[in-house]
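Residue numbers (the working numbering), protein chains in the order written: chain A, 33 to 572; chain B, 13 to 134. From the three backbone atoms N, C-alpha and C, an ideal C-beta is built for every residue, glycine too.
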């Protein structure tokens with residue numbers, strides 16, 4: 033019976049061992065299965081991640097492509113349009129998500145390069161166009177000036193009214209053509225093409241308006257107190273600036289409305305104010321005009337429209353080159369008011385009206401208009417001896433003051449005060465009437481300029497304008513001299529006669545003690561010497 | 013009388029004086045017409061600057077039209093228009109130039125010469 037339990041034990045133990053082994057195996061396999069499950073889940077997750085990523089990438093690629101397409105289709109065209117018309121906006125990125133990314137930077141670089149290239153090319157083309165224009169305008173301008181000279185000589189030569197009228201008309205047409213050419217040339221970078229001599233401001237204003245059709249509407253008021261002129265190099269530029277501003281005023285106002293120009297003298301220069309009562313300009317136009325007239329950057333022909341409107345650009349160029357200040361604003365008359373200020377320091381000078389009279393068409397200045405009430409020089413009537421005139425005092429002061437200043441101060445800087453007007457009238461009062469030189473210009477008062485320069489001024493005053501200054505002899509002085517001469521010869525003759533006839537002492541020569549002929553001569557000599565001394569020292 | 017030296021290019025053209033007119037309202041004027049009796053420009057209003065200057069020039073004496081033109085530095089044809097306007101307005105007088113004394117005709121002179129010769133020879 034023992035075998036059975038042994039056998040059973042064996043079997044049982046074997047079975048137990050097998051069970052244990054199986055349990056172990058089972059446990060291991062369960063762990064493996066779990067691991068597998070976990071791994072597959074992770075893989076699946078990865079896979080999904082990858083899919084999502086891929087979708088995002090695809091979307092991004094699409095967006096980038098759209099962005100590039102947007103660049104080519106919208107932003108670059110916008111840019112080129114904006115370069116031509118600064119008010120066109122350039123669109124930004126299509127997708128704001130790209131802002132600040134590498135893509136954004138790259139696209140911006142593209143835009144910059146396009147802009148650079150286009151700008152450079154435009155400058156080059158514009159430069160070429162300007163050079164071509166300059167070449168043509170210079171030649172045409174020179175020819176028109178020749179034509180002007182020719183027309184002017186013909187005007188002097190032909191008196192026939194019909195021919196003369198045609199010549200005047202041709203001259204006017206020529207002036208208008210000249211103005212066009214000149215302003216185009218200046219916008220294209222040429223100089224005004226002409227140097228004039230120092231000229232009166234009034235002359236410059238009427239000269240400027242004479243270049244425009246409709247000049248009859250311009251009404252000039254001259255408020256200058258002194259004969260203010262512009263120095264040679266700035267005369268033509270000033271005339272061109274005025275012409276362009278006047279052209280605007282005339283063009284943008286009704287053909288029957290006047291355009292008012294006022295010439296004003298300030299402490300530090302002179303101002304020309306142009307008012308029209310025309311259609312005016314709105315804020316944007318005013319702003320553009322101000323920008324062009326500031327003349328800060330080079331103007332491109334392409335910016336000026338087609339056909340180019342060169343007015344403000346011309347003004348700007350000249351203002352920058354010569355130092356005028358210009359501005360436009362709404363006028364109290366309803367239109368536009370343009371102001372040109374010419375600084376006194378480098379650009380203005382006082383002119384000698386006698387040496388360089390104003391043209392007859394220049395507006396009569398206020399001061400001379402009042403002074404003209406006093407009969408002044410009468411050129412051409414040299415034989416007329418002018419009686420001493422009762423003088424209206426204030427007007428007199430004015431002329432004396434101006435003339436005295438002008439004689440000495442042709443080179444005087446404008447800003448210097450023009451001498452003390454109070455010091456002048458006295459010497460002017462003592463002055464005697466004198467003959468006038470034959471000189472045109474009704475306001476010339478030659479006599480005053482010499483005398484009024486003061487006691488010390490008679491030698492130094494206006495050496496160019498005056499004939500050499502000999503010491504002035506008044507009628508009384510001349511009479512004295514001739515009387516002395518006559519007395520001398522008379523007494524000498526009497527002495528000689530008496531001496532030869534009677535041998536006695538000459539009656540009229542108390543100082544002569546001798547009794548012979550020689551002595552009589554000596555007496556005459558003595559008298560003669562007296563006369564000479566009288567002449568040598570007219571003041572005695 | 014010499015005209016003032018004309019240096020440089022003119023700044024103010026002549027047509028400005030008459031707004032382009034060169035046909036005077038009266039055709040009796042010529043270069044030698046004597047202008048006189050100018051009104052005082054300061055008492056007359058409404059004159060243009062060139063008219064004021066012309067009257068100013070002629071005050072106190074007479075000038076021929078050509079002389080006035082030279083003083084104003086304007087062409088004679090233009091000054092004629094100015095003068096005609098002023099004369100029309102009664103502000104200036106224009107007088108025809110004094111004609112040269114009339115010379116006897118050539119025939120008469122020859123007759124006299126012949127007469128003298130016959131006197132001498134006889």
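The criterion of a C-beta distance shorter than 8 Å is not satisfied by residue 392 of chain A and residue 53 of chain B. Contact annotation: the region 212 to 222 of chain A touches the region 344 to 353 of chain A, with at least three C-beta pairs closer than 8 Å.
Shown in chain order are the members of the region 24 to 57 of chain B whose Cβ falls below 9 Å from a Cβ of chain A: 24, 25, 26, 27, 28, 29, 30, 31, 32, 33, 34, 35, 36, 39, 42, 43, 52, 53, 54, 55.
Collapsing the DSSP output to three states places residue 128 of chain A in a helix. At a Cβ-Cβ threshold of 8 Å, residue 370 of chain A and residue 306 of chain A count as neighbours. Residue 380 of chain A sits in a strand when the DSSP states are folded into three classes. Annotated as distal: residue 106 of chain A and residue 127 of chain A, with beta-carbon spacing of 8 Å or more. The region 109 to 122 of chain B makes no contact with the region 56 to 72 of chain B, as fewer than three CB pairs between them are under 8 Å.
In the DSSP secondary-structure assignment, residue 267 of chain A is not bridged to any residue. Residue 228 of chain A reaches chain B at 20, 21, 23, counting residues in chain order whose Cβ is nearer than 8 Å. A Cβ-Cβ separation of about 7 Å places residue 243 of chain A in contact with residue 210 of chain A under the 8 Å criterion.
Residues of chain B with a Cβ closer than 7 Å to the Cβ of residue 235 of chain A are, in chain order, 23, 24. Rounded to whole angstroms, the separation of the alpha carbons of residue 127 of chain B and residue 520 of chain A is 59 Å. For residue 393 of chain A, the three-state secondary structure derived from DSSP is coil. Assigned with DSSP and collapsed to three states, residue 252 of chain A falls in strand. With a threshold of 8 Å between beta carbons, residue 200 of chain A makes contact with chain B. Rounded to the nearest angstrom, the Cβ distance from residue 182 of chain A to residue 21 of chain B is 13 Å, too far for a contact under 8 Å. Within the same chain, 247, 250, 278 come within 7 Å of residue 241 of chain A by CB-CB distance, once the 5 residues on both sides are set aside. Neighbourhood of residue 242 of chain A in chain B, by CB distance below 7 Å: 24, 25, 28, in chain order. Relative to residue 163 of chain A, the option among A:333, A:327, A:512, A:382 whose CA is nearest is A:333. According to the DSSP assignment, residue 104 of chain B belongs to no beta strand (DSSP E), since it is labelled neither H nor E.
Residue 251 of chain A has a beta carbon lying at 8 Å or more from every beta carbon in chain B. For residue 292 of chain A, the secondary structure class from DSSP, reduced to helix, strand or coil, is strand. Per DSSP, the continuous beta strand (DSSP E) segment holding residue 304 of chain A begins and ends at 301 to 308.
Comparing alpha carbon positions, the residue from A:362, A:357, A:388, A:232 closest to residue 326 of chain A is A:357. Only 177, 180, 181, 184, 187, 188 from the region 172 to 188 of chain A bring a Cβ to less than 8 Å from some Cβ of chain B. Taking C-beta atoms as the reference points, residue 143 of chain A and residue 179 of chain A fail to come closer than 8 Å. A Cβ-Cβ distance of about 7 Å is found for the pair residue 230 of chain A and residue 262 of chain A, placing them in contact under the 8 Å criterion. When DSSP states are grouped into helix, strand and coil, residue 51 of chain B belongs to the coil group. Residue pairing by DSSP places residue 260 of chain A opposite A:382 in a beta bridge. Assignment of beta-bridge partners to residue 375 of chain A by DSSP yields A:301. Sequence-distant partners of residue 239 of chain A (beyond 5 residues in either direction) whose C-beta falls short of 7 Å from its own C-beta, in its chain, are 271. Annotated three-state conformation of residue 26 of chain B is coil, per DSSP. Annotated three-state conformation of residue 358 of chain A is strand, per DSSP. A residue is called buried once 16 or more other Cβ atoms fall within 10 Å of its Cβ, and residue 282 of chain A is buried on that count. Taking 7 Å as the upper bound on Cβ-Cβ separation, chain B lies near residues 200, 201, 203, 204, 207 of the region 200 to 217 of chain A.
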